[in-house]
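Presented below is the structure to which this report refers.
Number of protein chains: 2
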Amino acid sequence: MDPKSNPSISIREVAAAARVSVATISRVLNGKGPIHPDTRQRVLEVVAELGYVPHSGARSLSTRRTSSVGVILPDLYGEFFSELIRGIDQGAKASGYHVLVSGSHSDPAEVEVLLRALHGRVDGLIVMGPTRSTGAIRIPPGVPAVFLGDLPAQGGVDHPSLRIDNAGGAGAVAEHLLDLGHRRIGFVSGPAENSDAEARLEGFRAALAARGVELAPELLMAGDFREESGHAAALRLAAVTPRPSAIFAANDAMAIGCLSALRDLGLAVPGEVALAGFDDIPIARYLAPPLTSVRVAIAELGERAMARLLSGLEGGGAEPLEETIPAALVVRASTVGL
Amino acid sequence: MDPKSNPSISIREVAAAARVSVATISRVLNGKGPIHPDTRQRVLEVVAELGYVPHSGARSLSTRRTSSVGVILPDLYGEFFSELIRGIDQGAKASGYHVLVSGSHSDPAEVEVLLRALHGRVDGLIVMGPTRSTGAIRIPPGVPAVFLGDLPAQGGVDHPSLRIDNAGGAGAVAEHLLDLGHRRIGFVSGPAENSDAEARLEGFRAALAARGVELAPELLMAGDFREESGHAAALRLAAVTPRPSAIFAANDAMAIGCLSALRDLGLAVPGEVALAGFDDIPIARYLAPPLTSVRVAIAELGERAMARLLSGLEGGGAEPLEETIPAALVVRASTVGL
DNA sequence: CACGCAACTGTAACCGGTTACACGCGGCGC
DNA sequence: GCGCCGCGTGTAACCGGTTACAGTTGCGTG
């Protein structure tokens, strides 16, 4: 048989078997200090034979580095979550780091507990504050951290933060719709306390205002980023008189709900009502009609966050404290017909 | 100010400040052994004042428990990934565990390296073998692990495995389409080496065979689980003569691609071509027409996996070695009209 | 030939917790 | 008065690595 690896064996036993000291084993395995070729050879043989695997936890304790980072996220659904993790994981892997994720945090107190539990387990943190009320998250002093989202001041002055250009993207949609001649534009917002949702709404409102158009209160519908809420919102918007000539949903999932509702009502898109979303999820271009949206490189956001964190960990220089990931308007047939 | 927590302080310093021994601190914090109320009081005060936070890494070393589990996943996209992680995370949180994820593994050798790096960092593993060739993943002896996917024999005899009832779900779709009178049914498969994809194809083929229908080779199209491949496959299928009267895509993303292609070709769904998918992603019901699919409780899969792992970790009893998460057919207008 | 230095290796003290064992002490039964 | 017991606490040996420091060689030089 081939017991290739045997976790239950320690460095001292390997040392005994190879008739050298533990220091030598350590040095061979880490490529430090000068080692006689014969010794190295013998050690490696014994290591292979015994299937010795170093205990990372023990190593972390003495080196004071865990090679892993903690990722604290709010309750996230769908594409956004997986893309973000993908990006982070990719960045981590590239630098030999591991990722400890913890999602679904709604309560700051819960996060506080988590932070404590993470002490000694991770070298740094990527934190996404879910809601505005979470502005209160305090990172213990001396712990490198990067914040994600639209709440720059979250972690205190000294932590970098990355954000998506929600306001810019929403503004671009507004411009686009205005350029097409729309003046009454319905808006389906995201969850009340969600900062992305808020930034999108404000960006939209501001862009309208800049062109002298006001967002009428009866055209502003509450949503929760899920399909169903978009569906419901569109039904309500369609009933407003005069009916809006366009609808902008704060994310694609809700836009899809809107699309479904408009179809049910027999309203042509974009003929009678133009429609736009946000996120540009892969499916957006395959809808009927293909959905105008705002493309955000979420994986890149994750990867950048990781890069920032690592550059902080490894004593990197002083990069800008805030960084914004662009959001680009993607025009498709749901607004411009064919 | 309020330096609520201070990671840079050790238990010995706390002991000195509270004028007790380190053992006492440890006992108070862990609720072990008898402690005089006055002492406990004093210790807690000092702990609070100094903002002492125990170092989990050190604790892990001496207790030989890390309270975290490793999750090893293949390269995953979209909804499936996030739902799975959500389920796992939820199960972990409920038991005070942490989750160390690592995604995007295509190569068994890469996984091997990862396994070594995880030694001493996690108490157990949840492993999803991406492809058939990964059947070779060897878990070191003595490490509790749970496998996910359709390759029961993966980790050796002693590891439990959870699977989605891919074959059953695909069979149900086949039955459904046969019942509707379809005999020429196109199939869009997933990535070649993907075990879910394979099980779906085989389940479909088997169900057809059971009713005396053969899956014609020219109706079997290769896909990769992404929208675009579904689009391309549908175009090719539509060109086959005689044209299939129904298409079954191995996942919803590809089904959406198909839908888009059929629309481009001006083929009515389900009038001229019926369409079904697999996964029942949230969007499925909002498509035009709403998509017949197979619902899989992915989050539950993750949660069950975690539960199984933990029950193994905590010396739980002998539960069945294999468990299957059901997959239920959801019939919508893409197959039955209205 | 003594000395310095480089190459190599070993000893033991860390890292920051947990916990087996020992100890002091007051109360109890006899 | 003595022995025992249990409570509350401290001492020190772990857990499994890393690494500063201290040798021990062997070789080149003055």
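Residue numbers (our numbering), protein chains in the order written: chain A, 50 to 387; chain B, 50 to 387.
Don't be surprised by glycine CBs; every beta carbon is placed ideally from N, CA and C.
As the structure is a computational prediction, the values presented were derived from the model and not from experiment.
- Query: Comparing the C-beta of SER75 of chain B with each C-beta of chain A, is any distance below 8 Å?
  - Reply: no
- Can you list, in chain order, the residues of the stretch 139-152 of chain B whose Cβ is nearer than 9 Å to any Cβ on chain A? GLN139, ALA141, LYS142, GLY145, HIS147, VAL148, LEU149, VAL150, SER151, GLY152
- Message: Whole angstroms are fine: how far does the CA of LEU264 of chain A sit from the CA of ALA256 of chain A?
- Response: 10 Å
- Item | Test: GLY272 of chain B CB closer than 8 Å to a CB of chain A | no
- Message: Buried or exposed, going by whether 16 or more other CB atoms sit within 10 Å of the CB of ALA216 of chain B?
- Response: buried
- Message: Within a Cβ cutoff of 8 Å, which residues of the same chain sit near ARG275 of chain B, ignoring the five residues on either side of it in sequence?
- Response: TYR126, ALA302, MET303, GLY306
- Query: If you pair each beta-carbon of the stretch 122-140 of chain A with each one of the stretch 110-118 of chain B, do three or more pairs fall below 8 Å?
  - Reply: no
- ALA287 of chain B, DSSP secondary structure in three states: helix
- Query: Considering only residues of the same chain and omitting the five flanking positions on each side of LEU269 of chain A, which have a CB-CB separation below 6 Å?
  - Reply: PHE236
- Selection of the stretch 317-341 of chain A by Cβ proximity to chain B, strictly under 7 Å: PRO331, ILE332, TYR335, ALA337
- Query: Mapping DSSP to helix, strand and coil, what is ILE374 of chain A?
  - Reply: strand
- Message: Which residue wins for smallest C-alpha separation from THR341 of chain B, given the options B:PHE297, B:ARG312, B:THR373, B:GLU352?
- Response: B:PHE297
- Item | Cβ contact (3+ pairs, closer than 8 Å) linking the stretch 228-242 of chain A and the stretch 281-299 of chain A | yes
- Query: Quick one: is LEU174 of chain B near chain A, going by C-beta distance under 8 Å?
  - Reply: no
- By a C-beta neighbour count over all protein chains shown, 10 Å radius and 16 as the cutoff for buried, is HIS280 of chain B buried or exposed? buried
- Message: Once DSSP output is grouped into helix, strand and coil, what is the label at ALA337 of chain A?
- Response: coil
- Item | Option nearest ARG381 of chain B by Cα separation, candidates B:GLU94, B:LEU164, B:VAL222, B:ALA64 | B:VAL222
- Query: So with Cβ pairs under 8 Å, would you call PRO240 of chain B a contact of chain A?
  - Reply: no
- In chain B, which residues lie with their C-beta within 9 Å of the C-beta of LEU29 of chain A? Since the first residue of chain A shown is 50 and the last is 387, residue 29 of chain A is not available in this structure.
- Are there 16 or more other CB atoms within 10 angstroms of the CB of THR112 of chain A, so buried, or fewer, so exposed? exposed
- Message: Taking only three categories from DSSP, how would you classify ASN300 of chain A?
- Response: coil
- Query: Does the stretch 65-82 of chain A come within contact of the stretch 94-103 of chain A, defined as at least 3 CB pairs closer than 8 Å?
  - Reply: yes
- Unbroken beta strand (DSSP E) run spanning SER117 of chain B, endpoints: 117-121
- Using the beta-carbon count (16 or more within 10 Å), is ASN300 of chain A buried or exposed? buried
- Item | Touching by the beta-carbon criterion (3+ pairs, under 8 Å), the stretch 350-358 of chain A and the stretch 330-338 of chain A | no
- Message: For a quick check, are the C-beta atoms of VAL379 of chain A and ILE213 of chain A less than 8 Å apart?
- Response: no
- Query: Name the residues in the stretch 92-111 of chain A whose C-beta lies less than 9 Å from a C-beta of chain B; which are they?
  - Reply: GLY100, VAL102, PRO103, HIS104, SER105, GLY106, ALA107, ARG108, SER109, LEU110
- Message: Checking the sheet assignment: what are the DSSP bridge partners for MET177 of chain B?
- Response: B:LEU197
- According to the neighbour-count rule (16 or more other Cβ atoms, all chains shown, within 10 Å of its Cβ), is HIS85 of chain B buried or exposed? exposed
- Item | Every unbroken alpha helix (DSSP H) inside the stretch 97-158 of chain B [4 residues or more] | 105-112, 127-143
- Message: Between THR115 of chain B and chain A, is the shortest Cβ-Cβ distance under 8 Å, so that the two count as touching?
- Response: yes
- Item | Classification of VAL385 of chain B by the beta-carbon crowding that lies within 10 angstroms, buried from 16 upward | exposed
- Task: Give the interface partners of VAL222 of chain B over in chain A, defined as CB-CB distance under 8 Å, in chain order.
- Result: Under the 8 Å cutoff, chain A gives no residues; its nearest Cβ is about 21 Å from VAL222 of chain B.
- Query: To the nearest whole angstrom, what separates the beta carbons of VAL102 of chain A and PRO190 of chain B, a pair I think is in contact under 8 Å?
  - Reply: In fact, because the Cβ distance is near 11 Å, the residues do not count as touching under 8 Å.
- By the criterion of Cβ-Cβ separation under 7 Å, what are the contact partners of PRO157 of chain A in chain B? Chain B residues near PRO157 of chain A: none, gap ~12 Å exceeds 7 Å.
- Own chain residues within Cβ distance below 7 Å of ARG91 of chain B, not counting five before or after: ALA67
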